[in-house]
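Asker: Before we start, here is the structure in question, set down as structure tokens.
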Amino acid sequence: MKSFFLVGFESPEHAKAALSDAFAGQVGETWVLFANADDPMAYFYLATNEYGEFEEFAKDANIIQVDISGRHFNEDDKIIAGLAGLQSQIGGHIFNDDGTQLR
Numbered sequence: 027m028k029s030f031f032l033v034g035f036e037s038p039e040h041a042k043a044a045l046s047d048a049f050a051g052q053v054g055e056t057w058v059l060f061a062n063a064d065d066p067m068a069y070f071y072l073a074t075n076e077y078g079e080f081e082e083f084a085k086d087a088n089i090i091q092v093d094i095s096g097r098h099f100n101e102d103d104k105i106i107a108g109l110a111g112l113q114s115q116i117g118g119h120i121f122n123d124d125g126t127q128l129r
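As numbered in our numbering, the sequence shown has no gaps in its residue numbers, which increase by one up to the final residue, 129.
Right under this line is the structure:
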């Protein structure tokens, strides 16, 4: 599994609304990006930096974590584009799972 993160936006409520808008019809704690009707590509969910994974941010910093399905391991561009759309609405910074800032 591979993950990407949108880190450091201010409002988890705005993030939740943006996720629900981006994934029409989905509400709750996990939003799923489907490649097609029966093939989940990635799972988006809200978290915080409670374990200090992103040292430059406070431990209460808000995070959207995206876990990519193994079948879609090489489809980073689609995930990053989705996170960039969310970033334009709520702010924050996009990182990959080795801590490199992408946007």
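Beta carbons are placed, not taken as given, at the ideal position from N, Cα and C, and that holds for glycine. Being a predicted model, the structure only gives us computed values, none of them experimental.
Per DSSP, what are the beta-bridge partners of GLN91 in this structure?
Answerer: Here residue 91 is taken as the residue at index 65 of the sequence shown, counted from 1. Partner(s): PHE31, TYR71.
Asker: From this set, LYS28, GLU101, PHE35, PHE70, which residue's C-alpha is nearest HIS119's C-alpha?
Answerer: Counted from its first residue, the sequence shown places residue 119 at position 93. Taking only the C-alpha atoms, the option nearest HIS119 is PHE35.
Asker: Going along the chain, which residues of its own chain have a beta-carbon closer than 7 Å to the beta-carbon of ASN122, five neighbours each way excluded?
Answerer: Residue mapping note: residue 122 aligns to position 96 of the sequence shown, counting from 1. The answer, listed in chain order, is PHE30, LEU128.
Asker: Look at the Cβ atom of SER70, then the Cβ atom of LEU32, and state whether they are nearer than 7 Å.
Answerer: Mapped onto the sequence shown, residue 70 falls at position 44. Mapped onto the sequence shown, residue 32 falls at position 6. The residue asked about is misnamed: residue 70 is Phe in this sequence, not Ser. Not a contact, by the Cβ cut-off of 7 Å.
Asker: With burial defined as no fewer than 16 other Cβ atoms inside 10 Å of the residue's Cβ, what is the status of VAL53: buried or exposed?
Answerer: Counting from one through the sequence shown, the residue named residue 53 turns up at place 27. By the neighbour-count rule (16 or more Cβ atoms within 10 Å), VAL53 is not buried but exposed.
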